[in-house]
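Please read the structure below before turning to the comments.
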Amino acid sequence: MERIAAAPVTVVAGRVAMCDGGGGALGHPLEFIKLDAPYPAVCKYCGAKFISAEWGSGH
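Residue numbers (the UniProt record's numbering): 1 to 59.
The structure is reproduced here in structure tokens:
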């Protein structure tokens, strides 16, 4: 859990992020993540965090 909390937030142009966990054998099913809130959204499989560029990168 500590590594997930320390992971950087990826800023995405637009309001939808796609996450596959890095792809390949170590990845996970492709997930489309809505970015319609002013705080980071989290991938339910790997914990990667994303935010829309519309909200900024101050998180």
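Heads up, the beta-carbon is just placed ideally off N, CA and C, and yes, glycines get one too.
Figure out for me which residue from ALA53, GLU54, SER52, CYS46 has the closest Cα to the Cα of ALA6. The residue labelled residue 6 in the question sits at position 6 within the sequence shown. Comparing Cα positions, the closest option is CYS46.
In chain order, what residues of the same chain lie with their CB nearer than 7 Å to the CB of GLY27, ignoring the 5 residues before and after it? The residue given as residue 27 occupies position 27 in the sequence shown. Excluding positions up to five away in sequence, the list reads ASP20, GLY21.
Does the beta carbon of CYS46 fall short of 7 Å from some heavy atom of the ligand ADP? Annotation note on the ligand ADP: not contained in the displayed structure, which lists no ligands.
How about ILE51 and CYS43: are their beta carbons less than 8 Å apart? Your numbering for residue 51 matches position 51 in the sequence shown. Your numbering for residue 43 matches position 43 in the sequence shown. Contact: no.
Spatial neighbours of ALA53 within its chain, please: CB distance less than 7 Å, with the 5 preceding and 5 following residues excluded, ordered by chain position. What you label residue 53 is simply residue 53 of the sequence shown in a count that begins at 1. Excluding positions up to five away in sequence, the list reads VAL11, VAL12, ALA13.
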